[in-house]
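Undergrad: Here it is, the structure, as structure tokens.
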Amino acid sequence: MNMRKHFTFLSKFFAATLFLAAFTACTSDNEPCDEGCGEKVIFTETFDGAEAILSGPTAAGENLNEDFTDKEGFVRFKENKNHKDIWYGINADAEGLVNAWNGGVWLSNYHTFDVEGNTDWYSFTNQSSVYNAKAASGKNFAVIYGMKNKFGGDYAKIYMKEGLGYHFLSMKVCNSAYTAGVALYGNDFSDGSMKEKGGYLYLLVKGYKDGKVLTDTNGKEIIDRFTLMDFRNKKEIFVKDWTDFFLTNVHKHEVDYIEFSMEGSDSQTTLGLNTPAYACIDDLQYGYKK
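Heads up: the sequence shown begins at 2 in this note's numbering, then just goes up one per residue.
Structure representation (structure tokens):
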């Protein structure tokens with residue numbers, strides 16, 4: 002069963018006003034399309050149904066790595082091309098080995114909230130959990146992870162199948178449990194609590210066509226930015242609920258794939274971002290003009 006929801010979206014994206022409040026889901030450069038949208042046919046990928054291949058058998062996602070052998074109903078996951086229009090997977094390193102630490106996209110239905118007195122919920126062993134009680138819709142959601150530094154790595158990508166001519170439009174986003182916990186409380190690799198130090202963390206999306214990143218008429222890369230958290234200047238922005246992320250800029254272009262990366266205050270030149278570079282997405286929307 003294909004779990005895409007098919008409907009027609011007339012005229013414009015609905016107007017959305019997001020209020021800043023303590024520990025509520027907020028964004029910065031995240032506005033619905035306000036011009037040039039026209040009448041669109043939109044599909045919504047919920048990451049459910051027979052197409053889903055879940056990480057497991059625990060929230061660590063053991064089946065995302067080379068040393069996994071099939072067990073407990075879980076098979077080794079490298080990529081998923083079973084969806085009708087999109088595909089995604091784990092990146093390979095220079096030697097062709099496919100492991101989650103190289104970055105990528107995978108599906109999950111694990112969830113975690115703040116567990117008082119327990120630090121295990123914000124560790125690598127919980128990398129497949131969303132900081133929420135459930136998926137935005139259905140049972141599953143996608144985990145995105147990726148970063149680059151001098152030791153390697155790559156960013157997460159979601160591809161459109163060849164020849165469709167669709168545009169990526171929007172998605173719902175929530176913090177991952179691992180990222181949320183480290184940001185709130187710190188760990189051995191971070192610079193302490195991002196909340197206490199007044200830090201921030203953005204999720205960035207770029208589009209690619211024919212192997213090249215989308216750019217504007219001035220040659221500047223076209224980017225959409227979503228605020229996962231921002232504690233600067235006494236702000237208390239922290240995404241703990243599924244929140245709309247409109248690809249205000251990228252949606253205007255037909256692309257082969259979109260790429261996810263992160264930008265944050267806790268980073269260094271050699272190792273890159275110290276905050277775990279994870280986020281969770283659901284209800285990915287894409288479509289075309291009629």
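Each residue gets a CB set at the ideal place from its N, CA and C atoms; glycine is no exception.
Would you tell me roughly how many angstroms separate the C-alpha atoms of Arg5 and Thr45, rounded to the nearest one?
TA: Start at 1 with the first residue of the sequence shown, and residue 5 comes out as number 4. Start at 1 with the first residue of the sequence shown, and residue 45 comes out as number 44. With a pLDDT of 47 at Arg5, under the threshold of 50, the modelled position of that residue is not reliable, and the figure given next carries that caveat. Computed Cα separation, rounded: 5 Å.
Undergrad: With H, G and I counted as helix, E and B as strand and the rest as coil, what does DSSP make of Leu185?
TA: Residue numbering aside, residue 185 sits at position 184 when the sequence shown is read from its first letter. Three-state DSSP puts Leu185 in a helix.
Undergrad: Where do the N-terminal and C-terminal ends of the beta strand (DSSP E) with Met148 fall, by residue?
TA: Against the sequence shown, residue 148 aligns to sequence position 147. Note, Met148: premise wrong, no beta strand (DSSP E); not H, not E.
Undergrad: Pull up the DSSP beta-bridge partners for Arg77, would you.
TA: Here the question's residue 77 lines up with position 76 in the sequence shown. Answer by DSSP bridge pairing: none, since Arg77 is not bridged.
Undergrad: Is Asp192 near the ligand PLP, in the sense that its beta carbon is under 7 Å from a heavy atom of that ligand?
TA: With respect to small molecules bound, the structure shown includes none, and the ligand PLP cannot be examined in it.
Undergrad: Under the three-state reduction of DSSP, which class applies to Ala93: helix, strand or coil?
TA: Locating residue 93 in the sequence shown gives position 92, counting from the first residue. Here Ala93 sits in strand by DSSP.
Undergrad: What are the boundary residues of the beta strand (DSSP E) that includes Lys198?
TA: Here residue 198 is taken as the residue at index 197 of the sequence shown, counted from 1. Not the beta strand (DSSP E): Lys198 falls in the alpha helix (DSSP H), residues Met195 to Lys198.
Undergrad: Could you give the C-beta distance for Gly265 and Gly200, rounded to a whole number, given that I count them as a contact under 8 Å?
TA: Locating residue 265 in the sequence shown gives position 264, where the first residue counts as 1. Locating residue 200 in the sequence shown gives position 199, where the first residue counts as 1. Yes, Gly265 and Gly200 are in contact; Cβ-Cβ is about 7 Å, under 8 Å.
Undergrad: Considering only the beta carbon of each residue, do Ser109 and Phe78 sit closer than 8 Å?
TA: Position 108 of the sequence shown, counted from the first residue, corresponds to residue 109. Position 77 of the sequence shown, counted from the first residue, corresponds to residue 78. No; because the gap between Cβ atoms is not below 8 Å, this pair is not in contact.
Undergrad: When you compare only the Cα positions, how much space is there between Val76 and Ser130?
TA: By 1-based counting over the sequence shown, the position of residue 76 is 75. By 1-based counting over the sequence shown, the position of residue 130 is 129. Roughly 19 Å between the two C-alpha positions.
Undergrad: Straight-line CA distance for Lys207 to Thr120?
TA: Mapped onto the sequence shown, residue 207 falls at position 206. Mapped onto the sequence shown, residue 120 falls at position 119. Their backbone Cα atoms lie some 33 Å apart in a straight line.
Undergrad: Taking only the alpha-carbon atoms, compute the straight-line gap between Glu67 and Val106 and give it to the nearest angstrom.
TA: Counted from its first residue, the sequence shown places residue 67 at position 66. Counted from its first residue, the sequence shown places residue 106 at position 105. So the alpha carbons of these two residues sit roughly 16 Å apart.
Undergrad: On the CB-based measure, 16 or more other CB atoms within 10 Å of its CB, does Thr70 come out buried or exposed?
TA: What you label residue 70 is simply residue 69 of the sequence shown in a count that begins at 1. The residue in question, Thr70, is exposed, as its Cβ has fewer than 16 Cβ neighbours within 10 Å.
Undergrad: Measure the Cβ-Cβ separation of Ser194 and Leu202 and say whether it is below 8 Å.
TA: Numbered from its first residue, the sequence shown carries residue 194 at position 193. Numbered from its first residue, the sequence shown carries residue 202 at position 201. No, Cβ-Cβ distance for Ser194 and Leu202 is not below 8 Å.
Undergrad: Could you check what DSSP says for Lys210 in three-state terms: helix, strand or coil?
TA: The residue labelled residue 210 in the question sits at position 209 within the sequence shown. Reduced to three states, the DSSP call for Lys210 is strand.
Undergrad: Counting only runs of 3+ residues fully inside the segment 213-264, write out the beta strand (DSSP E) ranges in chain order.
TA: 224-231 and 244-247
Undergrad: Using the beta-carbon count (16 or more within 10 Å), is Phe232 buried or exposed?
TA: Here residue 232 is taken as the residue at index 231 of the sequence shown, counted from 1. Buried is the call here.
Undergrad: Return helix, strand or coil for Ala101, following the three-state DSSP convention.
TA: If you number the sequence shown from 1, residue 101 lands on position 100. Correct three-state label for Ala101: helix.
Undergrad: Taking the alpha-carbon of His252 as reference, which of Thr180, Ser171 and Leu204 has the nearest alpha-carbon?
TA: On the sequence shown, position 251 is the one that residue 252 refers to. Taking only the C-alpha atoms, the option nearest His252 is Ser171.
Undergrad: Shortest alpha-carbon distance to His84 belongs to which of Val99, Met161 and Asn103?
TA: Residue mapping note: residue 84 aligns to position 83 of the sequence shown, counting from 1. That would be Met161, whose Cα lies nearest to the Cα of His84.
Undergrad: Expressed to the nearest angstrom, what Euclidean distance is found between the alpha-carbon atoms of Ala181 and Lys235?
TA: Here residue 181 refers to the residue found at position 180 when the sequence shown is read from its first residue. Here residue 235 refers to the residue found at position 234 when the sequence shown is read from its first residue. Looking at the two C-alpha atoms, the distance is approximately 18 Å.
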